[in-house]
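Heads up: the sequence shown is residues 12 to 767, going by my numbering.
Ideal Cβ placement from N, Cα and C applies to all residues, glycine included.
This report refers to the structure that appears directly beneath it.
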Amino acid sequence: MKDPVCWMDVDPNDPAGVSEYHGKTYYFCSEHCKHEFDANPADYVDEKKAANRRAAKAAALATSLAKNAEYTCPMHPEVIQIGPGTCPKCGMALEPKSFSLDHEEDRSEEKDFKRRLIVALVLSIPLLVISMGMMHLRWLEFVLATPVVLGCGWPFLKRGWQSIPSRNLNMFTLIALGVVAAYAFSVMAMFFPGLFPLAVRDAHGEVPLYFEASAVIVTLVLVGQLLELSARHQTSAALRSLLQLAPKTGRRLNADGSEADVSLDEIQVGDHLRVRPGEKVPLDGTIIEGQSSIDESMVTGESVPVAKGPQDSVIGATVNLNGSFVMEVTHVGAETVLSQIVQSVSEAQRSRAPVQKLADQVAGVFVPLVVAAAVITFGVWWAVGPEPRLAHAIVNAIAVLIIACPCALGLATPMAIMVAMGRGAHLGVLFRSAEAIEVLRKVNVLVVDKTGTLTEGKPRLVHLSAFGRYTENEILALAAAIEKASEHPLAHAIVSEAEARGLYVAKVSDFESVTGMGVQGTVTGKHIRLGNSQFVPNAPIQSIEALRDQGQTLLALSVNNEPVGLIGVADPVKASSANAIRKLQQAGISVLMVSGDHIKTAHAVGRVVGVDEILAEKSPQEKLAVIQGLQREGKIVAMAGDGINDAPALAQANVGIAMGTGTDVALQSAAVTLVKGDLDGIARAIDLSHATMKNIRQNLAFAFGYNLIGVPIAAGVLYPLVGWLLNPMVAAAAMSLSSVSVITNSLRLRRHSERK
12 MKDPVCWMDV DPNDPAGVSE YHGKTYYFCS EHCKHEFDAN PADYVDEKKA
62 ANRRAAKAAA LATSLAKNAE YTCPMHPEVI QIGPGTCPKC GMALEPKSFS
112 LDHEEDRSEE KDFKRRLIVA LVLSIPLLVI SMGMMHLRWL EFVLATPVVL
162 GCGWPFLKRG WQSIPSRNLN MFTLIALGVV AAYAFSVMAM FFPGLFPLAV
212 RDAHGEVPLY FEASAVIVTL VLVGQLLELS ARHQTSAALR SLLQLAPKTG
262 RRLNADGSEA DVSLDEIQVG DHLRVRPGEK VPLDGTIIEG QSSIDESMVT
312 GESVPVAKGP QDSVIGATVN LNGSFVMEVT HVGAETVLSQ IVQSVSEAQR
362 SRAPVQKLAD QVAGVFVPLV VAAAVITFGV WWAVGPEPRL AHAIVNAIAV
412 LIIACPCALG LATPMAIMVA MGRGAHLGVL FRSAEAIEVL RKVNVLVVDK
462 TGTLTEGKPR LVHLSAFGRY TENEILALAA AIEKASEHPL AHAIVSEAEA
512 RGLYVAKVSD FESVTGMGVQ GTVTGKHIRL GNSQFVPNAP IQSIEALRDQ
562 GQTLLALSVN NEPVGLIGVA DPVKASSANA IRKLQQAGIS VLMVSGDHIK
612 TAHAVGRVVG VDEILAEKSP QEKLAVIQGL QREGKIVAMA GDGINDAPAL
662 AQANVGIAMG TGTDVALQSA AVTLVKGDLD GIARAIDLSH ATMKNIRQNL
712 AFAFGYNLIG VPIAAGVLYP LVGWLLNPMV AAAAMSLSSV SVITNSLRLR
762 RHSERK
């Protein structure tokens with residue numbers, strides 16, 4: 012038999028592979044990977060049956076979860092209900108609010124429409140043939156058309172009827188009116204021909220039937236709905252593909268020293284996992300042993316591997332390239348970076364951009380106007396049209412109702428937003444709302460913080476000089492000894508450098524920290540002081556000032572009140588900062604650095620990266636005031652930061668942009684998050700914003716233009732000129748294709764940046 016988890020061979024007669032526990036028999040695979048399962052071995056003899064059982068169990072679970080999940084409408088996010096269904100406002104199929112691999116996407120409507128389409132095609136094709144001249148088979152037309160209209164078209168008729176009492180007139184209102192009008196007219200003409208005047212009859216004295224028109228309209232609408240459902244499924248494919256990147260199991264280190272591959276559902280915060288070369292990191296965590304290079308392109312969009320060692324954080328679903336390490340799990344389930352990315356993008360996809368207000372306002376009066384246009388069309392053709400006037404009036408009114416369905420107009424904005432959100436996630440740019448996409452393209456001033464935004468946010472020792480009889484390593488060892496007891500941010504940089512050099516760090520006694528000055532204590536019998544020039548007597552002031560002009564924080568070291576060395580600590584500028592700022596400036600965006608740091612340090616960094624203006628030593632309130640001042644000048648301001656002190660300015664800015672490496676407060680205050688945490692992401696975000704708004708304008712122009720051209724043609728304005736009328740079947744095909752065209756245009760955003 013087989014282990015149902017790893018599918019390795021299991022020998023029920025092998026004592027090493029069987030154990031008894033609480034009255035149950037547990038079996039293990041031949042590799043002893045501890046995938047226990049309490050089952051009768053006979054149940055697993057037939058591998059095909061076992062696989063079918065597992066698939067059925069998974070499907071039942073998926074169905075149960077789907078039925079209890081929250082669903083919403085992509086066009087009306089305020090509509091929320093438990094389980095799948097249709098929107099009471101527009102009639103579109105609802106979509107799940109959140110994405111999870113625990114349950115599959117509900118595609119029952121798509122499957123149902125496929126079955127209906129097959130039946131409709133089978134019946135509509137012979138119906139078309141009969142309508143082309145077999146007048147003696149009029150009863151057969153009725154027999155073939157009725158199942159198509161009342162059976163295959165029932166979902167559209169139902170939605171159209173529901174829209175009337177609720178006063179939410181929509182595309183299905185027009186479809187239902189057109190189909191019912193054509194079908195009802197034909198039924199009356201066949202069963203009660205005497206009710207119709209001679210003016211309606213053709214040359215053979217027969218009242219014309221439009222069974223084929225009603226049936227073909229239903230068939231074409233089914234085709235359009237299937238194409239739309241399929242395309243909408245593709246908009247969520249980016250998020251689902253992200254979730255599928257995560258591995259299904261992790262190799263957990265047990266307390267007894269053994270290791271076992273277990274499902275991620277069984278792993279808890281604090282568990283230790285081993286990650287081997289070539290494997291994916293199972294969950295978010297911190298490396299506690301070993302080192303490697305990690306491919307984080309899945310999250311950050313950066314293809315260059317990142318070196319990781321002890322105390323470094325790793326992200327679930329990223330790829331471990333060449334080393335083995337042990338990690339401690341810090342986040343599981345919905346708390347992981349990957350799950351939060353998917354959830355935030357899913358929520359943002361359902362938000363509405365301001366540009367959509369125009370489409371909503373138009374759609375609110377569009378259907379009544381179309382109905383009025385159809386009534387006017389009917390009246391004009393009935394009054395002054397050629398014979399048979401009533402037949403012409405009905406056909407043209409139906410064509411107007413069908414061709415003017417507002418589905419393309421309604422989809423123009425949300426489809427582009429949904430696709431852009433998914434594409435942004437793959438580029439490492441997370442939009443909190445659709446409004447952020449629209450406003451970002453208007454930004455003309457970018458305000459950036461220094462620490463953690465332009466710089467790495469992790470101070471490192473960058474300068475070390477010794478005086479007299481002490482060597483640099485001796486200076487560093489003494490400094491590390493006294494800083495080891497300090498909690499100052501600069502202390503970690505000094506201690507880390509000493510450890511990296513393998514220096515012996517002695518213990519300190521009589522340690523004292525003097526606020527704003529430095530630290531002192533006794534190391535190996537010597538009195539040590541480490542701090543600023545005021546704290547260390549006779550410190551070389553000129554050397555300190557020269558290095559400070561380079562953006563370094565300088566600490567002087569004295570032994571028994573004799574200055575013996577200088578230590579410079581700096582926060583290195585991110586390699587991408589200068590190039591990213593240059594790109595933004597070329598795009599017409601002014602870059603202003605506002606920092607709380609020392610003025611010399613701020614200017615040193617500002618000169619390196621090339622910002623347009625530098626403001627230093629600013630408190631959080633002063634940063635906020637800077638943003639407000641720019642806005643009073645009429646500027647559209649984006650603010651990029653990563654710390655708690657940046658949160659007020661991020662919230663005040665027209666668009667707040669948080670570095671993904673920043674604090675939770677900063678992330679929650681921002682409208683855009685850069686997963687990787689560098690300014691290159693801002694250029695990508697602005698570029699995607701321009702492309703998305705351009706796509707939306709194209710969609711709206713197409714939708715408006717389509718109706719402006721299509722409705723007059725359907726009403727028959729070309730008839731006096733060229734004698735041409737629009738058949739309702741052609742109108743139905745054009746209506747479906749208009750929606751598909753809008754969706755197809757929106758899906759082009761999935762390839763954005765690949766063409767650059």
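For residue 523, the three-state secondary structure derived from DSSP is strand.
Shown here for residue 456: same chain residues with a beta carbon closer than 6 Å to its own, the five before and five after excluded, namely 601, 641, 646 and 648 in chain order. Cβ-Cβ distances below 6 Å link residue 569 to 540 and 547 in the same chain, with the five nearest sequence neighbours on each side left out; the list follows chain order. When DSSP states are grouped into helix, strand and coil, residue 452 belongs to the coil group.
With a 10 Å radius around the Cβ and a threshold of 16 neighbouring Cβ atoms, residue 728 comes out exposed. In terms of Cβ geometry, residue 605 and residue 629 form a close pair [threshold 7 Å]. The beta carbons of residue 194 and residue 174 sit about 19 Å from each other, so the pair does not count as a contact at 8 Å. For residue 634, the uninterrupted alpha helix (DSSP H) segment begins and ends at 631–643. Close CB contacts of residue 579 within its chain, under the 6 Å cut and outside five residues either way in sequence, are with 473, 474, 558, 563 and 565 (chain order). Under the three-state reduction of DSSP output, residue 124 falls in the helix class. Of the candidates 135, 625 and 698, 135 places its Cα closest to the Cα of residue 223.
When 149, 467, 496 and 549 are compared, the shortest CA-CA separation from residue 572 is found for 549. The three-state secondary structure of residue 700, taken from DSSP, is helix. Around the beta-carbon of residue 327, 16 or more other beta-carbon atoms lie within 10 Å, marking it buried.
Annotation: the segment 177–202 contains the following complete segments of the alpha helix (DSSP H) (minimum length 4 residues), in chain order: 182–202. According to DSSP, residue 291 shares a beta bridge with 330.
When the beta-carbon positions are compared, residue 229 and residue 343 stay at least 7 Å from each other. Under the DSSP assignment, residue 594 falls in the alpha helix (DSSP H) whose first and last residues are 588–597.
Under DSSP, the beta-bridge partners assigned to residue 306 are 330.
A buried status is given to residue 577, since no fewer than 16 other beta-carbon atoms sit within 10 Å of its beta-carbon. Counting along the chain, residue 564 sits inside the beta strand (DSSP E) bounded by residues 564–570. Per DSSP, the unbroken beta strand (DSSP E) holding residue 263 starts and ends at 260–264. Rounded to whole angstroms, the separation of the alpha carbons of residue 667 and residue 256 is 29 Å.
Distance from the CA atom of residue 281 to the CA atom of residue 638, rounded to whole angstroms, is 42 Å. Spanning the alpha carbons of residue 395 and residue 192 requires a straight line of approximately 21 Å.
Listed as beta-bridge partners of residue 92 by DSSP are 82. For residue 174, no beta strand (DSSP E) encloses it; the enclosing alpha helix (DSSP H) starts and ends at 165–174. With a beta-carbon spacing of about 12 Å, residue 698 and residue 591 fall beyond the 8 Å limit used to define contacts. Residue environment analysis places residue 442 among the buried positions, since at least 16 neighbouring C-beta atoms fall within 10 angstroms of its C-beta. Cα atoms of residue 644 and residue 722: separation of roughly 46 Å, rounded to the nearest angstrom. The C-beta distance from residue 736 to residue 406 rounds to 7 Å, short enough to meet the 8 Å contact threshold. With a 10 Å radius around the Cβ and a threshold of 16 neighbouring Cβ atoms, residue 392 comes out buried.
For residue 659, the number of other beta carbons within 10 angstroms of its own is at least 16, and it is reported as buried. The C-beta separation of residue 185 from residue 381 comes to about 6 Å, placing the pair in contact by the 8 Å criterion. 693 is the residue among 717, 693 and 163 whose C-alpha sits nearest the C-alpha of residue 464. Judged by their CB atoms, residue 534 and residue 516 are not nearer to each other than the 7 Å cut-off.
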